[in-house]
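Asker: After the structure tokens below, expect a handful of questions from me.
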Amino acid sequence: MMRNGKIICWSVVLMLGFSGLALAQEDQKGCKDHPLFTRIEGYYLWTCQVKEFDAFDFIDPATKHKVTIEGRKIYTGYSVKKGFKGKYSYIQVSRNYTNAIERLGGTFWVNDPRTPFKTSMKLLKDDKEIWAYIHIDTDADNFHLIIVEKQAMTQEIVADAKTMAADISTSGRVSIYGIYFDFNKADIKPESETALHEITTMLQQDPKLKVYVVGHTDNIGGYDYNMKLSQERAEAVVKALVLKYKIAPDRLKAAGVGPLVPVTSNDTEDGKAKNRRVELVKQ
């Protein structure tokens, strides 16, 4: 039913791989539970995989329609230990997860209430949208859990100094999408170095150019909070350019406008990602 056809053959994969792991019955090295859920007693993690950006198809509990969710995807595969074999039913395993998601304020949709071995779950927690899908073998000896922490893809390619200068020359401003911050903070992440270097190069090539460094947010969160956050992020960029890249402080002025100047609608994750940006505006 879902485009993730690999799920159909997971039981076969388990049968082939489980025999080599059954003796150890210990968690695969490097595997751990997602912090959203606690472990059911008697199961161990025989496999796991984390992808920083991927997609998965869920059933939206609200609409009962298939939705493709993109973001950080965590897959974990569980197998029952020898001493617990036959202790649990697939209904029991399913209820453990759906009860947990409801206690956290989330919702779920069981594809077929009579055979609840495929369930989609959704939760809004700490300003994050988290989706989960559980596929349980009918004997409950093995089950698979997929969690996607919804987010837009990080833009890896940033404009070079020449492109930035051209945009400022023609329109008086340029949007910078290569500066990243910790969630809900003004701390600049190390992966922002490429963009900061290109800004520095542009300013060095035109010593007379002065710019406003303007912080923008999407519309998630309160107005006052976003205005404050955008100002703090703009100030953090100015600080980095002055202290690390030795740009004269009188050439830069920070300003935060929060969600007031979107470049597109905030109704989609892609739109929100485009609205979260730093702009350089010619003074």
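In the working numbering, the protein residues as written are 2 to 284. Even glycine gets a Cβ: it sits at the ideal position worked out from N, Cα and C.
#1: Is it buried or exposed, residue 74, if we count other Cβ atoms within 10 angstroms and call 16 or more buried?
#2: Can you look up residue 37 in the DSSP assignment and give me helix, strand or coil?
#3: In whole angstroms, give me the CA-to-CA distance for residue 83 and residue 150.
#4: For the structure I just gave you, are there three or more beta carbon pairs, one from the stretch 220-238 and one from the stretch 247-260, closer than 8 Å?
#5: In chain order, what residues of the same chain lie with their CB nearer than 6 Å to the CB of residue 254, ignoring the 5 residues before and after it?
#6: Excluding sequence positions up to five away, which residues of its chain have a Cβ less than 6 Å from the Cβ of residue 152?
#7: Could you please give the first and the last residue of the uninterrupted alpha helix (DSSP H) stretch that includes residue 198?
#8: Is the CB-CB distance between residue 91 and residue 137 below 7 Å?
#9: For the 8 Å Cβ check, are there 3 or more pairs between the stretch 87-103 and the stretch 130-147?
#10: Between the C-alpha atoms of residue 49 and residue 141, what's the straight-line distance to the nearest angstrom?
#11: Could you tell me the boundaries of the alpha helix (DSSP H) in which residue 234 lies?
#12: Could you spell out where the alpha helix (DSSP H) holding residue 190 opens and where it closes?
#13: Count the other C-beta atoms from every protein chain shown that fall within 10 angstroms of the C-beta of residue 207, then say buried if there are 16 or more, exposed otherwise.
#14: Tell me which same chain residues have a C-beta within less than 6 Å of the C-beta of residue 187, skipping the five on either side of it?
#15: Quick check on the burial criterion: 16 or more other C-beta atoms within 10 angstroms. Buried or exposed for residue 277?
#16: Give the secondary structure of residue 213 by DSSP, where H, G and I count as helix, E and B as strand, and everything else as coil.
#17: Going by the CB atoms, is the gap between residue 252 and residue 211 shorter than 7 Å?
#18: Are the CB atoms of residue 283 and residue 179 nearer to each other than 7 Å?
#19: Using DSSP with H/G/I as helix, E/B as strand and the rest coil, what is residue 23?
#20: Tell me which residues share the same chain as residue 35 and place their Cβ nearer than 6 Å to its Cβ, disregarding the 5 neighbours each side in the sequence.
#21: For residue 120, tell me which candidate among 243, 196 and 66 has the shortest Cα-Cα distance.
#22: Assign residue 193 to buried or exposed, taking buried as 16 or more other Cβ atoms, counted over all protein chains shown, within 10 Å of its Cβ.
#23: Could you pull the start and end residues of the beta strand (DSSP E) that residue 134 belongs to?
#24: Grab me the residues of residue 262's own chain with a C-beta within less than 7 Å of its C-beta, minus the 5 sequence neighbours each way, in chain order.
Answerer: Straight from the coordinates:
#1: buried
#2: coil
#3: 33 Å
#4: yes
#5: 213
#6: 72
#7: 194-206
#8: yes
#9: yes
#10: 18 Å
#11: 224-244
#12: Run containing residue 190: none; DSSP gives neither H nor E here.
#13: exposed
#14: 233, 234 and 237
#15: buried
#16: strand
#17: yes
#18: no
#19: Unreliable placement is indicated for residue 23, whose pLDDT of 45 sits below 50; no coordinate value is reported for it.
#20: 75 and 148
#21: 66
#22: buried
#23: 129-137
#24: 217
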